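Enquirer:
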Amino acid sequence: MGKAWNYGAGPSMIPVEVMEKAQKEFLDFNGLGLGIVEMSHRSAEFDAVAKHAELMLRKLLKVPDNYKILFEQGGGRGQFAAVPLNILPEGGKADYFVTGHWSRSAYLECKERYGEAILHECVEQDDNGQYFINYQKMQVTEGSSYAFICINETVNGIEVNQLPDTKGVPLIADMSSNILTRNIDVSAFGAIIFGAQKNLAPSGITVTIVREDLIGKARKYCPSVLDWSILAKYDSMYNTPTTFSWYMAGLALDWIESIGGVSELERRNAAKADLLYDYVDSSDFYLCPIKRQDRSRVNCVFTLKDESKNAIFLQEAKKHNMIGLKGHKVLGGMRASIYNAMPREGVEALIKFLKEFESQYA
Ligand SMILES: *Cc1c(COP(=O)(O)O)cnc(C)c1O
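Residue numbering for the sequence shown follows numbering that gives the first Met the number 0, starting at 0 and increasing by one per position.
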């Protein structure tokens with residue numbers, strides 16, 4: 000049937016060049032007579048693979064010297080716990096800027112288990128029912144230990160484009176679904192967390208980029224595998240890391256550099272999203288529930304005006320070898336995730352399908 004177009008939210012597509020390189024090296028890495036997945040994480044060979052990935056990430060994101068890059072397990076949700084466990088003191092408080100499903104999940108994780116989380120609802124609906132971010136709501140509370148924000152809401156299809164002024168309070172950002180999709184100024188954040196499975200690598204590896212002064216404050220009962228100071232001290236090898244995902248991340252970072260770095264990905268991603276949204280906006284059959292300026296460039300949420308056609312839409316898409324278009328269960332509708340590895344042709348193919356479906360079912 001050929002290669003599927005996978006618009007799923009994650010795990011998601013990986014560049015074919017990266018898949019091929021991994022396949023070529025799978026049984027025999029660098030002539031060593033064994034594959035990466037068989038190799039000790041303590042070996043000199045794997046150490047070089049790990050260091051290379053870290054170096055490439057530092058280079059491509061221009062991570063300043065006073066930030067550590069930690070590789071761990073537990074995913075984005077693991078870090079929702081790690082953040083308060085590491086930087087919210089007992090009896091302290093933290094601000095949560097909620098713009099959708101994931102920032103709300105982070106807020107609940109903190110509030111229900113670790114301490115005072117202050118909720119700021121930052122998304123509103125205009126007179127047409129379209130959602131938008133009210134940046135005025137992003138105000139830090141005096142005495143807050145940090146402010147948490149999710150830069151791209153994977154489920155809701157909302158992306159933050161301007162950062163709040165947190166008056167010196169560290170801004171902690173979840174970039175699980177948009178890391179490396181556009182340029183960012185790392186120095187604007189106290190910490191950035193992301194799981195690799197959307198824009199970088201297979202699932203299994205999670206990354207925390209954290210300013211050094213925020214390391215070393217963990218609560219006594221913070222599990223050691225989530226304690227940033229322990230991860231930093233042991234170069235993220237306190238326990239066995241997900242070696243394969245770490246290696247794949249390195250290959251993907253090499254690929255990103257080879258095509259022109261994050262700036263080129265930013266250009267491509269913006270062009271892909273514009274193409275799709277222009278079509279959706281021009282159609283009377285589909286609609287996007289989010290105001291244009293706040294739409295995600297990588298998770299494009301749209302609905303069929305006639306929701307009774309949802310099931311047949313997904314069936315037809317599957318026949319065209321297009322998968323993963325069903326929206327998240329909490330929101331319904333459709334969602335096309337068009338991450339770094341989704342080529343422009345994948346977006347063009349989707350638009351062609353949307354047009355055909357519309358002409359048949361309108
Ligand atoms: C996917 C996702 C998560 C959850 O990641 P897990 O690795 O499944 O824990 C958190 N935040 C955002 C923005 C995501 O897209």
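Where a beta carbon is used, it is the ideal one built from N, C-alpha and C, also for glycine.
On a predicted model such as this, the values are computed, not experimentally measured, just so you know.
Under 7 Å: does the beta carbon of Arg218 sit that close to some heavy atom of ligand 1?
Expert: Not under cutoff, so the answer is no.
Enquirer: Thinking C-alpha only, which one of Glu315, Val297, Pro288 is nearest Lys304?
Expert: Pro288
Enquirer: With three or more beta-carbon pairs closer than 8 Å as the criterion, would you say the segment 213–229 touches the segment 30–42?
Expert: no
Enquirer: Which value, in whole angstroms, describes the spacing of the CA atoms of Glu24 and Tyr246?
Expert: 11 Å
Enquirer: Does the beta-carbon of Arg294, which I'm using as the reference point, lie nearer than 7 Å to any heavy atom of ligand 1?
Expert: no
Enquirer: In chain order, what residues of the same chain lie with their CB nearer than 6 Å to the CB of Val346, ignoring the 5 residues before and after it?
Expert: Lys271, Leu274, Leu275, Ile337
Enquirer: In terms of residues, what are the limits of the beta strand (DSSP E) holding Ser358?
Expert: Here Ser358 belongs to no beta strand (DSSP E); instead the alpha helix (DSSP H) covers 343–360.
Enquirer: Just to confirm the assignment, what range does the alpha helix (DSSP H) spanning Val261 have?
Expert: 260–281
Enquirer: For Val153, is the beta carbon positioned less than 7 Å from some heavy atom of ligand 1?
Expert: Checking the sequence shown, residue 153 turns out to be Thr, not Val. Yes, ligand 1 has a heavy atom inside 7 Å of this Cβ.
Enquirer: Name the DSSP bridge partner or partners of Ile132?
Expert: Val122
Enquirer: Nearest CA to the CA of Arg181: which residue from Gly259, Val168, Gly203?
Expert: Gly259
Enquirer: Using a threshold of 8 Å, state whether the C-beta atoms of Arg267 and Arg343 are closer than that.
Expert: yes
Enquirer: For Ser175, which three-state DSSP category applies?
Expert: coil
Enquirer: By alpha-carbon positions, which one of Ile68, Ala81, Ile13, Arg76 ends up nearest to Tyr220?
Expert: Ala81
Enquirer: Grab the span of the alpha helix (DSSP H) containing Lys58 for me, first residue to last.
Expert: 43–59
Enquirer: Under the criterion of a Cβ to heavy atom distance below 7 Å, does Lys325 qualify as lining ligand 1?
Expert: Using a cutoff of 7 Å, the CB of Lys325 does not count as near ligand 1, since none of the ligand's heavy atoms is closer than that.
Enquirer: From Ala93 to Asn85, what distance separates their C-alpha atoms?
Expert: Looking at the two C-alpha atoms, the distance is approximately 12 Å.
Enquirer: Please tell me whether Leu179 and Leu264 are closer than 8 Å, where the distance is taken between their beta carbons.
Expert: yes
Enquirer: Taking the alpha-carbon positions, what's the Gly90 to Pro169 distance?
Expert: Rounded to whole angstroms, the gap between the alpha carbons of Gly90 and Pro169 is 18 Å.
Enquirer: Taking the CB atoms as reference points, tell me whether Pro88 and Cys109 lie closer together than 8 Å.
Expert: no
Enquirer: Pull up the distance between the alpha-carbon of Thr207 and that of Asn177, whole angstroms please.
Expert: 14 Å
Enquirer: If you draw a straight line from the C-alpha of Val154 to the C-alpha of Ala335, how long is it?
Expert: 10 Å
Enquirer: Under 7 Å: does the beta carbon of Ser175 sit that close to some heavy atom of ligand 1?
Expert: yes
Enquirer: Relative to the C-alpha of Ser143, which candidate in Asp126, Phe70, Val209, Tyr95 has its C-alpha closest?
Expert: Tyr95
Enquirer: Would you tell me roughly how many angstroms separate the C-alpha atoms of Leu60 and Trp254, rounded to the nearest one?
Expert: 14 Å
Enquirer: What is the residue span of the alpha helix (DSSP H) that Tyr106 lies within?
Expert: From DSSP, the alpha helix (DSSP H) with Tyr106 extends over 100–112.
Enquirer: Considering only heavy atoms of ligand 1, does any lie closer than 7 Å to the CB of Lys197?
Expert: Yes, Cβ of Lys197 sits closer than 7 Å to a heavy atom of ligand 1.
Enquirer: Bridge partners for Ser336 per DSSP, in chain order?
Expert: Asn298
Enquirer: What residue range is occupied by the uninterrupted beta strand (DSSP E) comprising Glu71?
Expert: 66–71
Enquirer: Check for me: the alpha helix (DSSP H) holding Lys92 runs from which residue to which?
Expert: Run containing Lys92: none in the alpha helix (DSSP H); it sits in the beta strand (DSSP E), 92–97.
Enquirer: Would you kindly check if the distance between the Cβ of Glu120 and the Cβ of Val139 is under 8 Å?
Expert: no
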